[in-house]
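Structure first, then comments.
In UniProt numbering, the protein residues as written are 1 to 219.
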């Protein structure tokens with residue numbers, strides 16, 4: 001059962017990067033009418049990264065003000081009778097309709113798999129374009145670019161992963177993990193950095209969901 005969003009709840013504010021992206025997206029599109037959505041996101045991100053701290057400052061300050069206003073609105077909302085009443089009602093429905101479903105451990109997780117595929121695609125270029133940045137910084141940029149993609153693109157990525165999963169014949173089959181072979185130190189470090197990027201990317205993208213979970217009941 002999908003979550004239902006509370007239309008009365010305050011809308012989560014945009015980050016400084018999002019404010020910049022929304023302000024410049026149309027202009028970048030006009031300058032590059034033939035580029036794809038993914039390429040557009042990369043280009044906007046690249047331009048953002050080229051800005052100096054002083055050039056980013058107006059967007060950072062605006063984002064901070066929006067965040068402060070949002071926090072105050074959220075506090076007031078949570079104290080309202082409307083929120084308490086709705087939370088109580090959702091709790092009843094959740095308990096009444098709760099049912100445990102056995103999930104296939106081999107099946108791709110919608111969000112994580114899509115993030116990983118996207119990071120695999122744009123990560124190498126981001127690292128090449130930003131040689132001085134750490135894995136966490138690269139992941140943050142990647143996460144902002146991911147958020148810029150329309151839901152249709154994210155859904156398509158997941159569907160492609162699911163199609164591959166089903167065609168592999170692994171659906172419903174849990175396989176034992178083979179013994180790992182010895183790895184070189186360089187390879188281990190590379191894999192650790194890659195895993196760090198995946199985790200940070202997922203964490204970055206889930207910030208928005210965390211706020212919603214405060215006012216919504218889980219499935």
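Yeah, the Cβ is synthetic: ideal placement off N, Cα and C, and Gly gets one too.
{"Item": "Are residue 141 and residue 127 close, meaning C-beta to C-beta below 8 Å?", "Value": "no"}
{"Item": "Out of 147, 45, 24, 150, state which residue places its alpha-carbon closest to the alpha-carbon of residue 125.", "Value": "45"}
{"Item": "Could you pull the start and end residues of the alpha helix (DSSP H) that residue 25 belongs to?", "Value": "16-31"}
{"Item": "Answer yes or no: do residue 149 and residue 41 have a C-beta to C-beta separation smaller than 8 Å?", "Value": "yes"}
{"Item": "Consult DSSP for residue 51 and reduce its assignment to one of helix, strand or coil.", "Value": "coil"}
{"Item": "Measuring CA to CA, which of 30, 63, 9, 12 is closest to residue 20?", "Value": "63"}
{"Item": "Classify residue 201 as helix, strand or coil using the three-state DSSP reduction.", "Value": "With a pLDDT of only 48 at residue 201, under the threshold of 50, the placement of this residue in the model should not be trusted, and no figure is reported."}
{"Item": "How would you call residue 33, buried or exposed, if buried means at least 16 neighbouring beta carbons within 10 angstroms?", "Value": "exposed"}
{"Item": "I need the DSSP call for residue 35, collapsed to helix, strand or coil.", "Value": "coil"}
{"Item": "Rounded C-beta distance between residue 10 and residue 67? I'm assuming under 8 Å.", "Value": "The pair is not a contact, with the Cβ atoms about 11 Å apart (cut-off 8 Å)."}
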